[in-house]
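Novice:
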Amino acid sequence: MIRTPLRPLASVLRARQDGENPDVIERENIRLRHEQMRDRARMRAESRLLVLGVVFLCAFLTIGGRMGVLANSEPSEPRAGGAGADIVASRADIVDRRGRILATNIETYSLYAQPPQMVEPIRAATALAEIFPDLDADRLLKDFTGKRKFVWVKRKLSPEQRQAVHDLGEPGLLFGPREMRLYPNGRLAAHVLGGTGFGREGVHAAEVIGVAGVEKFFDDRLREPAQGHAPLQLSIDLSVQAAVERVLQGGKLLMNAKGASAVLMEVETGQIVALASLPDFDPNARPNPPTEGEPGDSPLFNRAVQGVYELGSVFKTFTIAQALDLGLVDPSTIIDTRGPMRWGKHRINDFRNYGPTQTTTGVMVKSSNVGTARIAQEIGIERQRAFLGSLGLFEATPLEIVEAKSGRPLLPKRWTELSTMTISYGHGLSSSPLHLAASYATIANGGYLVTPTLMKGPRGQRGPRVLSERAAAQTMTMLRKVVTDGTASLAEVEGYAVGGKTGTADKPRARGGGYYEDKVLSTFASVFPAHDPAYVLVVTLDEPVETSGSEPRRTAGWTAVPVASEITRRVAPLLGLRPVIEPGEIGGITLTSN
Amino acid sequence: MRGFLFVLSAMLVIGLAFWAYRENYDTQAAQARAAALQDDIASARERLQMLNAEWAYLNRPDRLRDLAQINFDRLGLLPLRADQFGRIDQVAYPAVDPLPIVNPVELMAREAFP
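Which chain is which? The protein sequence lines are A and B, in order. Per numbering that gives the first Met the number 0, the very first residue in the first sequence carries number 0; after that it's consecutive. Per numbering that gives the first Met the number 0, the very first residue in the second sequence carries number 0; after that it's consecutive.
(1) Mind listing, in chain order, the continuous beta strand (DSSP E) runs of no fewer than 3 residues lying wholly within the region 334-373 of chain A?
(2) Would you report the Cα separation of TYR447 of chain A and GLN321 of chain A, rounded to the nearest angstrom?
(3) Between which two residues does the alpha helix (DSSP H) harbouring GLY14 of chain B extend?
(4) Closer than 7 Å by beta-carbon distance: list the chain C residues that pair up with ASP61 of chain B, in chain order.
(5) Considering just the uninterrupted stretch of the beta strand (DSSP E) at ARG186 of chain A, what are its terminal residues?
(6) Excluding the 5 residues flanking THR332 of chain A on each side, which residues of the same chain have their C-beta closer than 8 Å to its C-beta?
(7) Counting only C-beta atoms, is ARG346 of chain A closer than 8 Å to chain B at any point?
(8) Report yes or no: do the region 218-230 of chain A and the region 274-292 of chain A share at least 3 C-beta pairs separated by less than 8 Å?
(9) Buried or exposed: where does ILE40 of chain B fall if 16 or more other Cβ atoms within 10 Å of its Cβ makes it buried?
(10) Is it the case that the region 198-215 of chain A contacts the region 61-68 of chain A, given that we only count it when at least three CB pairs across the two stretches are under 8 Å?
(11) When you compare only the Cα positions, how much space is there between GLN90 of chain B and ASN283 of chain A?
(12) Go through its chain and collect everything with a Cβ distance to VAL465 of chain A's Cβ below 7 Å, but skip five positions before and after it.
(13) For the beta strand (DSSP E) that contains TYR92 of chain B, what are its first and last residues?
(14) Can you tell me the Cα-Cα spacing of ALA102 of chain A and PHE71 of chain B, whole angstroms?
(15) Nearest CA to the CA of THR3 of chain A: which residue from A:GLY425, A:GLU19, A:GLY459, A:GLN35?
(16) Among the candidates A:GLY258, A:LEU233, A:PRO286, A:LYS251, whose CA atom is the shortest distance from the CA of MET264 of chain A?
(17) Only counting the same chain, and skipping five residues up and downstream in sequence, which positions put a Cβ closer than 6 Å to that of ASP142 of chain A?
(18) Out of A:LEU573, A:ASP95, A:GLY171, A:ASN444, which has the shortest C-alpha to C-alpha gap to GLY147 of chain A?
(19) Of all the options A:SER429, A:ASP22, A:ALA395, A:ALA128, which has the alpha carbon lying nearest to the alpha carbon of LEU520 of chain A?
(20) So the alpha helix (DSSP H) THR558 of chain A belongs to, where does it begin and stop?
(21) Is it right to say VAL104 of chain B is buried, meaning 16 or more other beta carbons lie within 10 angstroms of its own, or is it exposed?
(22) For the candidate residues A:GLU416, A:LEU173, A:ILE374, whose alpha-carbon lies nearest to that of PRO594 of chain A?
(23) With DSSP collapsed to three states, give me the class of ASN301 of chain A.
(24) Of all the CB atoms in chain A, is at least one closer than 8 Å to the CB of PHE84 of chain B?
(25) Cβ of PRO578 of chain A less than 8 Å from any chain B Cβ?
(26) Which of the three DSSP states, helix, strand or coil, is assigned to ALA204 of chain A?
(27) Along the beta strand (DSSP E) that carries SER109 of chain A, what are the first and last residues, could you check?
(28) With 8 Å set as the bound, which would you pick, yes or no: does the beta-carbon of ASN51 of chain B sit closer than that to a beta-carbon of chain A?
(29) Touching or not, the region 49-57 of chain A and the region 174-183 of chain A, by the rule of three or more beta carbon pairs under 8 Å?
(30) Can you give the Cα-Cα distance for LEU491 of chain A and GLN248 of chain A, rounded to whole angstroms?
(31) How is the alpha helix (DSSP H) around PRO432 of chain A delimited, first residue to last?
(32) How many Å lie between GLN160 of chain A and ALA128 of chain A at the Cα?
(33) What residue range is occupied by the uninterrupted alpha helix (DSSP H) comprising LYS455 of chain A?
(34) Terminal residues of the continuous alpha helix (DSSP H) containing ALA242 of chain A?
(35) Using a Cβ cut-off of 7 Å, pull out every chain A residue sitting near ARG80 of chain B, in sequence order please.
(36) Looking only at its own chain, which residues have a Cβ that is under 6 Å from the Cβ of MET254 of chain A, when we skip the five neighbours before and after it?
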């Protein structure tokens, strides 16, 4: 590049000759050079801006174009990355404690119609009414020939029905895939499982949502795709549950009972192995809730969990266990059992007269109301309340089914001394058979609180202590005596050393005003084996009457006890319990001297 | 020399292009195969679930009880009872074989029959 000098000699000389200032020339040249530099810099900056603008434009166009493509393209499954077995879109299965299926899903189809596409709507309507007898031909005809564009015909189809509809060859009848909840065991454990229904429905799929029982309690867990592959494991044992239901059904028929329930619970963990309530229902076709009559008589009603009843003499165990714990009595203390016992205008009577006195064991074995009430008087209002509260008898059970919340015990409004006395033998406080089972399990567990649960979980977690070990052991000995020489003699099962307590409670009239004379609720709460408690079984029969004798018998010893004993006989081998010879009482060493 | 390099790089480009082309088609084929396998897995899983459901349905306690009753004279099945539990010491030891004869002696009846 040729630089123009700032002070060209020729111009300077000429300017000197003319007497001008040569610096002007230099300044002029500097100005021109600066102008050139400015122009160059400007050009360069402009071109840079242009390039930058083009780059940005391209970038924005690329991003915008990609967004447009993404927005307009059909979504597709990623082909390269293999989806593992960890994410499953269907509802998780429910299995029993040994992994046998209690609830699963099957693929089925729903049937819908698009009347505008139909060729022969009249023929289709009559043919559909033939295939599905529960559909009304006139109604279908009205839907198909009217202005509707879309009609649901049937929610679930069997494969045979689907084929029959297919054979009609009607282009306006269409199938949509549906996932259906199946309970392969039918009525088994219906009250535990609950049932499912369809939530939001579309043509291609429908939500399956739990409506009751475990299905509703664990709805979120069962629907979560990340856990879809892992079945929900319950503590229920399928074969034990089947045996319990079978025997209970037979017992309900033989004893002419209106309803029945049974709870079988592991003592150590509180896990429920079988929970039955009769009458029951089929969760595959869950009936609608009743709109009339007593809700308690509906098959949907879970008597073992929702039903709160005055359970009667089975509560004596708690009174006596507490008295033993407090040291007020020991098993051989003599208790005054002269009746009737008067309190204000109220009289407490025994079923029959058991003599003027009984030992504490005798009060329990003979089931003396008077004796128990006397012991309760010594315990007092506050201590009794605190003890029953610590057993969990004031709160609904924390069982993992939605119905458990409604099984809240009914307590007396004012806990007077009379309440203390009546509650001591099981009147005036209503609780569910499940509460009873958990409380008996607590006593059988050496006094550590047992919380009922339906989940199979680890062993070896102990609750807080609510009863001393000694009192618990003494109570268990008494419960065993009730069976060997008391009111529950029919409960004896060879090899399993059953211990338990009967309870026969008169049913209160529905509208208030006293109790029925001839309607009872008979209960048997048992523990087996008594010397090494493993299981608690509570059987409750509603309005039983045993008519094989000369006069009808309603006491639990004649109704609930034989049923419970048969359940124990059937179930104990299934639970893997070996029959054992009960350890006898160790003979006391007598000190002799001469 | 220069021409040789030119030809060599051209060959290289052609070779790489061919390689990329083949890899592309291999990838697509592998993806298609993976998708087909995914489909197979999904349908196998569906089938498995259906079979499990059917197994559970066929093994439902009601049905087994009815079958045991219908076939009672052939099978004689009854509910499990407590007295059916055995103990290890109730099982007899297997009979011991007689000791083997290692030095057999040849014998012959010499007595003459009358």
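Cβ coordinates follow ideal geometry from the N, Cα and C atoms, glycine included.
Specialist: Reading it off the structure:
(1) List check, beta strand (DSSP E) in window: 340-342, 345-347, 356-358.
(2) 14 Å
(3) From DSSP, the alpha helix (DSSP H) with GLY14 of chain B extends over 1-57.
(4) Absent from the structure is chain C; the protein chains it does hold are A and B.
(5) Looking at the DSSP string, ARG186 of chain A is not in any beta strand (DSSP E), and its letter there is neither H nor E.
(6) THR358, THR359
(7) Any Cβ of chain B closer than 8 Å to the Cβ of ARG346 of chain A would place that residue at the interface, and such an atom is absent.
(8) no
(9) The residue is exposed, with fewer than 16 neighbouring Cβ atoms inside 10 Å.
(10) no
(11) For the sequence presented, residue 90 of chain B should be read as Val rather than Gln. When rounded, the distance between both Cα atoms is 47 Å.
(12) SER389, LEU390, THR441, GLY446, LEU448
(13) No beta strand (DSSP E) contains TYR92 of chain B, which DSSP labels as neither H nor E.
(14) 30 Å
(15) For THR3 of chain A, the nearest C-alpha among the options comes from A:GLN35.
(16) A:LEU233
(17) VAL150
(18) According to the sequence displayed, residue 147 of chain A carries Arg and not Gly. Here the closest residue by C-alpha is A:GLY171.
(19) A:SER429
(20) Where THR558 of chain A is concerned, there is no enclosing alpha helix (DSSP H), given that its DSSP letter is neither H nor E.
(21) exposed
(22) In the structure displayed, chain A extends from 0 to 593; residue 594 of chain A sits before or after that span and is not available.
(23) ASN301 of chain A falls in the coil class under three-state DSSP.
(24) yes
(25) Judged by the 8 Å Cβ criterion, PRO578 of chain A is in contact with chain B.
(26) coil
(27) 100-112
(28) yes
(29) Output reads no: the region 174-183 of chain A does not touch the region 49-57 of chain A.
(30) Here residue 491 of chain A is Glu; the residue named in the question, Leu, does not match the sequence. Computed Cα separation, rounded: 21 Å.
(31) 432-443
(32) 12 Å
(33) Here LYS455 of chain A belongs to no alpha helix (DSSP H), and DSSP marks it neither H nor E.
(34) Unbroken alpha helix (DSSP H) run through ALA242 of chain A: 237-253.
(35) PRO572
(36) LEU540, PRO543, GLU545, THR558
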